[in-house]
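Colleague: Input: one structure, supplied below.
There are 2 protein chains.
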Amino acid sequence: MQVAVIGANGGIGRELLPRLADAGHDPIGVVRDKSQFEAIRERGGEPRLGDLEGAFTGTLRGADAVVFAAGSGGATGWDKTLLIDLWGARRSVDACVERAINRFVMISAYKASDPIAEPEAIRPYRVAKRCADDYTERSPLDTTILRPTTLTDDEGVGCVSVAYEYRDEDREAISRADVAQTVVACLENEETIGETIRLFGGNTPIENAIRSND
Amino acid sequence: MQVAVIGANGGIGRELLPRLADAGHDPIGVVRDKSQFEAIRERGGEPRLGDLEGAFTGTLRGADAVVFAAGSGGATGWDKTLLIDLWGARRSVDACVERAINRFVMISAYKASDPIAEPEAIRPYRVAKRCADDYTERSPLDTTILRPTTLTDDEGVGCVSVAYEYRDEDREAISRADVAQTVVACLENEETIGETIRLFGGNTPIENAIRSND
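Listed in order, the protein sequences are those of chains A and B. With the working numbering, the residue at position 43 of the first sequence is 35, and numbering never jumps. With the working numbering, the residue at position 158 of the second sequence is 150, and numbering never jumps.
Written out as structure tokens, the structure reads:
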């Protein structure tokens, strides 16, 4: 599959490109800036320009699936949270609908289900992610929403823990590498379509962990 | 009707309470702070505490209709735009659904339909308002969404101009007083249920202006 990764130069995006290539897919790395093209190529991706706040039409052409891994990050203001994490996500979903790219994986965030839960400092971010998730979920696309807990830059271990239902005790941090590997596994498992999966560090091999208990 | 105004001490809320009372309704003024109670009473409203970021359950009890006139305003950060203008609006809609308060009027904003239109500085606000509007519109409530252009503190003139379809040339500013009077007129005209109405300064008596052209 041609898999377009929006936010390909971000923490999870960088881990995702080589894993998609290793799994036999053709990753497309969507970035805002041509200076990032070489880094995308080095990770096995075809670089493309796409600005979630500007020109975006055409960026996703030819893709069979799209992963939204973009985020405004901690160094910008909440205005960018509204423009990138929320509106950029909606634009990405809209672009997929327009181009009939049916498979969509959203990287969301822990407790986006309950944005005004503690801690207070992260509430506005969770509001944006929750609203983006709702839009994704209601779209006609085949969607999977991943809500990882605290992210680390540790090596991937290939194992995670998931919760289809919320359990407050499940708070173990997870590496960006394992989130990325979970994205690959979800793209290859149709059982994850329509699911919102809370994702934690854990001991279950990823392919087994994401199997729905339905 | 008992009409609860969320954001009753804001620019439009203050204009709305006496107009609701004049029209024979019983206004409830929802405010964050008991220090505002006297101001609400002076405008003919029954003051109630309600915190869109905190305790809100029970605030709307007994209401027949709710007007969302709250806004984080220009003096706070974009975090409050996410928490009040977007999440607070969603909480208000949810509270109405829960209590079977079916009539809901949302005070939205000009060009919320196209958030990343110019000018750039207002885009994040429009994203929040658009997402709140979408949530309102999709709810099972009987909703009317008003999208006034630039607001002034001028005296009300009782006349406006509306656009059920977008027309770029219609940019005349409108007084908060006339927006408030339009809310009252909408509550009294079932034709406005399900409509999103762009609102400008103009020369048509409000009751006539809001009559749908369907």
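For glycine and all other residues, C-beta sits at the position ideal for the given N, C-alpha and C. Keep in mind the model is a prediction, meaning the values are calculated, not measured.
Can you list the residues of chain B that isoleucine 108 of chain A reaches, using a CB-CB cut of under 9 Å?
Modeller: As a working note, residue 108 of chain A is residue 116 in the first sequence. Chain B residues near isoleucine 108 of chain A: Glu45, Gly46, Leu75, Trp79 and Arg83.
Colleague: Show which residues of chain A have a CB atom less than 7 Å away from the CB atom of glycine 69 of chain B.
Modeller: Here residue 69 of chain B refers to the residue found at position 77 when the second sequence is read from its first residue. What glycine 69 of chain B touches in chain A: Trp70.
Colleague: Specify whether the region 160 to 177 of chain A and the region 108 to 124 of chain A touch according to this definition: at least 3 beta carbon pairs, one from each stretch, less than 8 Å apart.
Modeller: The region 160 to 177 of chain A is not in contact with the region 108 to 124 of chain A.
Colleague: Run down chain A in chain order and give the residues with a C-beta less than 7 Å from the C-beta of valine 119 of chain B.
Modeller: If you number the second sequence from 1, residue 119 of chain B lands on position 127. Chain A residues near valine 119 of chain B: Leu74, Leu75, Leu78 and Trp79.
Colleague: Quick check on aspartate 206 of chain B: buried or exposed, where buried means 16 or more other Cβ atoms within 10 Å of its Cβ?
Modeller: Residue mapping note: residue 206 of chain B aligns to position 214 of the second sequence, counting from 1. Because the pLDDT of aspartate 206 of chain B is 49, which lies under 50, any placement of that residue in the model is unreliable, and the number read from its coordinates should be weighed accordingly. Under this definition aspartate 206 of chain B is an exposed residue.
Colleague: Any Cβ of chain B within less than 8 Å of the Cβ of proline 132 of chain A?
Modeller: In the first sequence, residue 132 of chain A corresponds to position 140, counting from 1. By this cut-off, proline 132 of chain A is not an interface position.
Colleague: Does the structure place the region 4 to 12 of chain A close enough to the region 25 to 44 of chain A that three or more beta carbon pairs sit under 8 Å?
Modeller: Touching, yes, given that three or more Cβ pairs across the two stretches are closer than 8 Å.
Colleague: Residues of chain A with CB under 9 Å from arginine 115 of chain B, in chain order?
Modeller: Counting from one through the second sequence, the residue named residue 115 of chain B turns up at place 123. Per Cβ cutoff of 9 Å: Glu45, Asp71, Leu74, Leu75 and Trp79.
Colleague: Residues of chain B with CB under 7 Å from cysteine 123 of chain A, in chain order?
Modeller: One-based indexing of the first sequence puts residue 123 of chain A at position 131. Those are Leu78 and Cys123, listed as they occur along chain B.
Colleague: Counting only the same chain and skipping the five closest in sequence on each side, list residues whose C-beta sits under 6 Å from that of alanine 201 of chain A.
Modeller: One-based indexing of the first sequence puts residue 201 of chain A at position 209. Answer for alanine 201 of chain A: Val152 and Val154, listed in chain order.
Colleague: Alpha carbons only, please: which of A:Ile108, A:Val97 and A:Tyr117 is nearest the one belonging to alanine 67 of chain A?
Modeller: Numbered from 1 along the first sequence, position 75 holds the residue referred to as residue 67 of chain A. Of A:Ile108, A:Val97 and A:Tyr117, the residue nearest in Cα terms is A:Tyr117.
Colleague: What does DSSP give as the partner residue(s) for aspartate 125 of chain A in the beta ladder?
Modeller: Walking along the first sequence from the start, residue 125 of chain A turns up at place 133. DSSP, once it has assigned bridges, lists no residue as partnering aspartate 125 of chain A.
Colleague: For the beta strand (DSSP E) holding glutamate 187 of chain B, just list the boundary residues, first then last.
Modeller: By 1-based counting over the second sequence, the position of residue 187 of chain B is 195. From DSSP, the beta strand (DSSP E) with glutamate 187 of chain B extends over 187 to 193.
Colleague: Since I believe alanine 55 of chain A is in contact with alanine 15 of chain A (beta carbons under 8 Å), could you give me their beta-carbon distance rounded to a whole number of angstroms?
Modeller: Along the first sequence, one-based indexing puts residue 15 of chain A at 23. Along the first sequence, one-based indexing puts residue 55 of chain A at 63. 16 Å between Cβ atoms; not a contact.
Colleague: I'd like to know whether the C-beta of aspartate 206 of chain A is nearer than 8 Å to at least one C-beta of chain B.
Modeller: For the purposes of this step, residue 206 of chain A is identified with residue 214 of the first sequence, where counting begins at 1. Any answer about aspartate 206 of chain A is weak, because its pLDDT of 49 lies below 50 and its placement is not dependable; what the coordinates show is given next. False, the Cβ-Cβ gap to chain B never drops below 8 Å.
Colleague: Between glycine 63 of chain B and glycine -1 of chain B, is the Cβ-Cβ spacing less than 8 Å?
Modeller: As a position in the second sequence, residue 63 of chain B is number 71, starting the count at 1. As a position in the second sequence, residue -1 of chain B is number 7, starting the count at 1. Yes; because the gap between Cβ atoms is below 8 Å, this pair is in contact.
Colleague: Does the region 138 to 150 of chain A come within contact of the region 99 to 116 of chain A, defined as at least 3 CB pairs closer than 8 Å?
Modeller: With the cut-off at 8 Å, the region 138 to 150 of chain A and the region 99 to 116 of chain A touch.
Colleague: Leaving out the 5 sequence neighbours to the left and right, which residues in its chain are closer than 8 Å to leucine 74 of chain B when beta-carbon positions are compared?
Modeller: Within the second sequence, numbered from 1, the residue matching residue 74 of chain B stands at position 82. Ala120.
Colleague: Is the beta carbon of phenylalanine 60 of chain B closer than 8 Å to that of alanine 81 of chain B?
Modeller: Residue mapping note: residue 81 of chain B aligns to position 89 of the second sequence, counting from 1. Residue mapping note: residue 60 of chain B aligns to position 68 of the second sequence, counting from 1. Cβ distance < 8 Å, so alanine 81 of chain B and phenylalanine 60 of chain B count as in contact.
Colleague: Roughly how far, in whole angstroms, is the beta-carbon of glutamine 173 of chain A from the beta-carbon of isoleucine 198 of chain A, given that I think they are within contact range, below 8 Å?
Modeller: As a working note, residue 173 of chain A is residue 181 in the first sequence. As a working note, residue 198 of chain A is residue 206 in the first sequence. Their Cβ separation, rounded to whole angstroms, is 5 Å, which keeps glutamine 173 of chain A and isoleucine 198 of chain A in contact under 8 Å.
Colleague: Rounded to the nearest angstrom, what separates glycine 3 of chain A and aspartate 146 of chain A at their Cα positions?
Modeller: Here residue 3 of chain A corresponds to residue number 11 of the first sequence, with the count starting at 1. Here residue 146 of chain A corresponds to residue number 154 of the first sequence, with the count starting at 1. Cα to Cα, the separation comes out at about 11 Å.
Colleague: Is it right to say serine 27 of chain A is buried, meaning 16 or more other beta carbons lie within 10 angstroms of its own, or is it exposed?
Modeller: On the first sequence, position 35 is the one that residue 27 of chain A refers to. Classification of serine 27 of chain A: exposed, given that the 10 Å Cβ count is below 16.
Colleague: Are aspartate 25 of chain A and glutamine -6 of chain A close, meaning C-beta to C-beta below 8 Å?
Modeller: For the purposes of this step, residue 25 of chain A is taken as the residue at position 33 of the first sequence. For the purposes of this step, residue -6 of chain A is taken as the residue at position 2 of the first sequence. Contact flag unset, no.
Colleague: Less than 8 Å between the C-beta atoms of threonine 213 of chain A and isoleucine 185 of chain A, yes or no?
Modeller: One cannot answer for residue 213 of chain A here, as it falls past the ends of chain A, which runs -7 to 206.
Colleague: Given a cut-off of 8 Å, decide if alanine 31 of chain B and asparagine 1 of chain B are closer than it, judged by their beta-carbon atoms.
Modeller: Counted from its first residue, the second sequence places residue 1 of chain B at position 9. Counted from its first residue, the second sequence places residue 31 of chain B at position 39. Yes, Cβ-Cβ distance for asparagine 1 of chain B and alanine 31 of chain B is below 8 Å.
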